[in-house]
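Going by my numbering, the first residue of the sequence shown is number 1, and it counts up by one from there. Let me begin by presenting the structure, written as structure tokens, before commenting on it.
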Amino acid sequence: MKLDPSQLTAFLAANSTGVGVLVCPGGGYSMMARGHEGHDPARYLNTLGIDAWVLEYTTASNMTPPLYPKPMEEALGALDLIRQEAPDLKKLGIWGFSAGGHLAGNTLTNPTTNLDFGILGYPVITLEDDYTHENSRYNLLGNNPTKQQIDELSVQKRVSDKTPPTFLFHTSNDGLVPVQNTYLYAEAMAKHGRLAHVVVLPDGPHGIGLAQNDPVRDWTPELKRFLTYSI
Numbered sequence: 001m002k003l004d005p006s007q008l009t010a011f012l013a014a015n016s017t018g019v020g021v022l023v024c025p026g027g028g029y030s031m032m033a034r035g036h037e038g039h040d041p042a043r044y045l046n047t048l049g050i051d052a053w054v055l056e057y058t059t060a061s062n063m064t065p066p067l068y069p070k071p072m073e074e075a076l077g078a079l080d081l082i083r084q085e086a087p088d089l090k091k092l093g094i095w096g097f098s099a100g101g102h103l104a105g106n107t108l109t110n111p112t113t114n115l116d117f118g119i120l121g122y123p124v125i126t127l128e129d130d131y132t133h134e135n136s137r138y139n140l141l142g143n144n145p146t147k148q149q150i151d152e153l154s155v156q157k158r159v160s161d162k163t164p165p166t167f168l169f170h171t172s173n174d175g176l177v178p179v180q181n182t183y184l185y186a187e188a189m190a191k192h193g194r195l196a197h198v199v200v201l202p203d204g205p206h207g208i209g210l211a212q213n214d215p216v217r218d219w220t221p222e223l224k225r226f227l228t229y230s231i
């Protein structure tokens, strides 16, 4: 589908390295945490010479659930629009937080997107009962999702031998999205022999964003290492 250009906000680096990232904020598919999980990450990427585009995808704040497949279609449309606007990009990745991490993960594991890397911050990975974020699943699929829908949209089941290198961040005691979500994705990547850079901190609430002002929880040095050496 074609994306309304107003749903995509560009943050262009002053000295671009030819790398771009589509950023998908979190919010449980209920709303959009566009500040600390959208604009702030985009500005951080700019400091590394990386261009960024923040996606305003459809949530339950502007559409009655179930939302599927609209957010997924919008992410694909955003990638098309970025590639039209910036045809000289050498590499293109996707970064998502929480439910935006679910959207990013589904997009990353879609082989038609031809992405170069992914970044998943405390992501919703599985839609299966044990470890999912129930509100995200409800907003996406409604009250009675089918087993087929759950399987098709559980990101760990979509990982393949072609899934791009992925950076994952979580805190071990995340009270909203269990850390097992990150472990499920990392295990699937290992099974397929794919590169996964995993950072799990021992303590921290859900939704901490970049945590650059917290010396204990700032995980951006490891992200910078990944972006420098692994993509």
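Glycine included, every Cβ here is placed at the ideal spot set by N, Cα and C.
Give me the residue from the options with the minimum Cα distance to residue i.
| i | options | result |
| --- | --- | --- |
| Glu-152 | Pro-41, Tyr-131, Ile-125 | Ile-125 |
| Glu-85 | Gly-20, Gly-204, Phe-226, Arg-158 | Gly-20 |
| His-206 | Phe-97, Gln-7, Ile-82, Leu-115 | Phe-97 |
| Ile-150 | His-102, Met-189, Arg-34, Pro-178 | His-102 |
| Pro-5 | Ala-33, Leu-81, Ile-94 | Leu-81 |
| Asp-129 | Lys-147, Val-216, Ser-172, Thr-113 | Lys-147 |
| Leu-12 | Ala-33, Lys-2, Leu-120, Leu-48 | Leu-48 |
| Pro-164 | Glu-73, Leu-195, Gly-100 | Leu-195 |
| Lys-157 | Asn-143, Asp-218, Leu-176, Leu-184 | Leu-184 |
| Glu-73 | Ala-104, Arg-34, Gly-118, Pro-25 | Ala-104 |
| Thr-228 | Tyr-131, Gln-212, Lys-162, Phe-117 | Phe-117 |
| Pro-145 | Leu-127, Lys-162, Tyr-131 | Leu-127 |
| Gly-245 | Thr-112, Gln-212, Arg-34 | Residue 245 lies beyond the range of the chain shown here (1 to 231); nothing can be said about it. |
Would you check if the distance between the CB atom of residue i and the CB atom of residue j is smaller than 7 Å?
| i | j | result |
| --- | --- | --- |
| Val-199 | Ala-186 | no |
| Tyr-57 | Pro-71 | yes |
| Leu-140 | Ala-78 | no |
| Glu-42 | Val-23 | Correcting the residue type first, residue 42 is Ala in the shown sequence and not Glu. Yes. |
| Gly-28 | Ser-136 | yes |
| Ser-172 | Pro-202 | yes |
| Leu-176 | Leu-120 | no |
To the nearest angstrom, report how far apart residue i and residue j are at their CA atoms.
| i | j | result |
| --- | --- | --- |
| Leu-108 | His-36 | 22 Å |
| Ser-16 | Asp-51 | 6 Å |
| Thr-182 | His-133 | 13 Å |
| Asn-46 | Phe-226 | 16 Å |
| Pro-221 | His-170 | 15 Å |
| Ile-94 | Trp-53 | 9 Å |
| Pro-123 | Leu-115 | 18 Å |
| Ile-231 | Thr-166 | 9 Å |
| Val-159 | Met-189 | 7 Å |
| Pro-69 | Ala-75 | 10 Å |
| Tyr-131 | Tyr-138 | 14 Å |
| Asp-161 | Lys-191 | 9 Å |
| Lys-2 | Arg-217 | 38 Å |
| Thr-112 | Met-32 | 26 Å |
| Arg-83 | Leu-55 | 14 Å |
Return the bridge partner residues of residue i from the DSSP annotation.
| i | result |
| --- | --- |
| Phe-226 | In DSSP, Phe-226 forms no bridge with anything. |
| His-197 | Phe-167 |
| Ala-10 | Trp-53 |
| Val-21 | Ala-52, Gly-93 |
Legend entry - Complete runs of the alpha helix (DSSP H) confined to the stretch 165-195 [at least 4 residues]: Listed in chain order, they are 180-191.
Legend entry - Secondary structure, beta strand (DSSP E): runs of 3+ residues fully inside the stretch 86-148: Counting whole runs of 3 or more residues, the stretch 86-148 contains the beta strand (DSSP E) stretches 91-97, 117-121.
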